Amino acid sequence: MDNLKDTEVQTLVQAEEQRQIHMIGLIASENNCSDEVHGVLSSCLNGKYAEGYPGRRYYEGNQLIDEIENLARDRIKALFDVPYVNVQPYSGSPANTAIYFALMNPGDTLMGLKLATGGHLTHGHPDVTFSGRYFNSVQFGVDKDARIDFAEVRRLAVEHKPKVIVAGTTAYPFVLDFKQFRDIADEVGALLVADISHITGLVVGGLHPSPVPYADVIMSTTHKTFRGPRGAMILVTERGLARDPKLGSKIDSAIIPGLQGGPHNATTAGIAIAAHEAAQPEFKTYIAQIRTNADALASALMDKGITLVGGGTDNHLMVIDLTPFGPGLGTQVAYALDVAGMYANRNTVPDEPGSPFFPSGLRIGTPLVTTRGMRETEMQQIADWISQVVAHTTKQQLPTDKTERTAFIKAFKAQADTDETLLAIRKEVTAVASSFPLFKA
Ligand SMILES: Cc1ncc(COP(=O)(O)O)c(C=O)c1O
């Protein structure tokens, strides 16, 4: 068998593992799951077909898969105190698509937060997405303090009478006020969908208000702060079922036959394990540390003169606003940070003066570094490294002439790759990162 081994892929995977070990991951949506979850993802469950639901599959041999899926559903129901759960969505985007398929018809009105101010593509981003093209998408934004502008949400809801309002965020550092969303939804007869993909862990850990008393339907990915396998779950609340007793079966049918075929059973088992882990006291400690680290990182950055969108964070992430250094600098700073051993993602800021490809912000979060066991001391150090990279790389301004930008970035990258200051920071980062295993907390 040895000569059949695919060393090409193995080598790449091993190199990726080394990259992760030696660098500091600051992407707010990334995390590492436990060894137990990792293990089940490569188990025999991967090969089994189980189209349908427990007790009603289209394939034989699913007695044990049924038990696993029931266990996953029961654990999630208990964790969130909801009467209905579907753990089959392949990921967050298909899960949101399934919810829309279950609740709306093409052309119905969908309301969500604009991508540029922290919403997700699937929340109705116009023109280029399924949610923006198949529904009449109405988008709200944030106020001058970078908080959701509920006056605008209400005004738009009253004007457009949406069928669904999505309360959900992907790059929003503050608490989501589900009650205000509920009041507005009730005023116009809309269904309220809470997309808590980013904050599930905080909700479970008691550090973010739960949407369960307010939303009709809740969606979450399972791989972010929840720290499970890459997947998603859809929950229907008591309130949702009281409003429409068929809501659960509508969601089930939207997943299969509506959108998907066989569920990813290994992921289902991983979700069951992650739910068990999230119910342990250690998970609360982990989530509390995510928040402590986020506060420490935010304060240290601001102490160094870095501006944060909205002035800080109430959750696990923050958005660095680079506009004081010039417009559209997020792309070059993100690249330079990567050279310096820390990876994050460029992000738009409210009233973005740049463009989606050249935005003026940087989103960073603490779930992954906290999982690796980093604490406040390391947050101070990370803030110091980030501020050095920002100071070093924002002197070069992005050309205002758009036709010059591609060549500018190409030259910037080539220069950054061998930049002595960045490589010196990388040495320090690597020394610290290497002493924190990928999963510790
Ligand atoms: C709020 C929110 N919803 C949905 C998604 C989509 O999840 P996925 O990338 O798993 O499709 C994300 C992912 O970033 C998200 O942040």
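When you line the sequence shown up against the working numbering, it's residues 20 to 460, in that order.
Ideal Cβ positions, reconstructed from N, Cα and C, are used throughout, including at glycine.
All values reported here derive from a predicted model rather than from experimental measurement.
{"Query": "Starting from the N-terminal side, write out each stretch of the beta strand (DSSP E) that is 3 residues or longer and does not extend beyond the region 162-232.", "Result": "183-187, 210-214"}
{"Query": "Can you name the start and end residues of the alpha helix (DSSP H) that Q82 belongs to?", "Result": "82-99"}
{"Query": "Identify, in the order they occur along the chain, each residue of the same chain with its Cβ nearer than 7 Å to the Cβ of N364, setting aside the five sequence neighbours on each side.", "Result": "I46, A353, R382"}
{"Query": "Over what stretch of residues does the beta strand (DSSP E) that includes V77 continue unbroken?", "Result": "Correcting the residue identity first, residue 77 is Tyr in this sequence and not Val. First-last for Y77: undefined, no H or E at that position."}
{"Query": "Leaving out the 5 sequence neighbours to the left and right, which residues in its chain are closer than 6 Å to N312 when beta-carbon positions are compared?", "Result": "T385, T389, M398"}
{"Query": "Check for me: the beta strand (DSSP E) holding V352 runs from which residue to which?", "Result": "Counting along the chain, V352 falls outside any beta strand (DSSP E), though it belongs to the alpha helix (DSSP H) covering 349-358."}
{"Query": "Touch check for the region 32-51 and the region 260-279: three-plus C-beta pairs under 8 Å?", "Result": "no"}
{"Query": "I think T287 touches V106, with their Cβ atoms under 8 Å apart; what is that distance to the nearest whole Å?", "Result": "5 Å"}
{"Query": "Considering S239, what are the terminal residues of the beta strand (DSSP E) in which it resides?", "Result": "236-240"}
{"Query": "According to DSSP, simplified to helix, strand and coil, what is V338?", "Result": "strand"}
{"Query": "Our contact map puts L132 next to G138 with C-beta atoms below 8 Å; I'd like the distance itself, whole angstroms only.", "Result": "3 Å"}
{"Query": "Skipping 5 residues on each side, what residues in its chain have a beta carbon closer than 8 Å to that of P378?", "Result": "G347, G349, T350, R365, N366, T367, V368, E371"}
{"Query": "Would the beta-carbon of A463 be found less than 7 Å away from any heavy atom of ligand 1?", "Result": "With the chain represented from 20 up to 460, any question about residue 463 goes unanswered, as that position is not in the structure."}
{"Query": "Report the three-state DSSP secondary structure of G392 (helix, strand or coil).", "Result": "coil"}
{"Query": "Which value, in whole angstroms, describes the spacing of the CA atoms of I218 and R445?", "Result": "30 Å"}
{"Query": "Kindly indicate which three-state DSSP category G259 falls into: helix, strand or coil?", "Result": "helix"}
{"Query": "Go to T128, then tell me how far its alpha helix (DSSP H) extends in each direction, as first and last residue.", "Result": "Careful: T128 lies outside any alpha helix (DSSP H), inside the beta strand (DSSP E) at 128-132."}
{"Query": "Express the C-alpha separation of G224 and I306 in angstroms, rounding to a whole number.", "Result": "6 Å"}
{"Query": "Span of the beta strand (DSSP E) holding N366?", "Result": "364-366"}
{"Query": "Along the alpha helix (DSSP H) that carries N115, what are the first and last residues, could you check?", "Result": "111-122"}
{"Query": "Do the region 170-181 and the region 195-206 meet, that is, are 3 or more Cβ pairs less than 8 Å apart?", "Result": "yes"}
{"Query": "Taking a cut-off of 5 Å, which residues have a beta-carbon closer than that to any heavy atom of ligand 1, in chain order?", "Result": "S48, S110, G111, S112, H139, G187, T189, D214, S216, T240"}
{"Query": "Among S61, A450, P113, whose alpha-carbon lies nearest the alpha-carbon of G280?", "Result": "P113"}
{"Query": "Is the beta carbon of P73 sitting closer than 8 Å to the one on E88?", "Result": "yes"}
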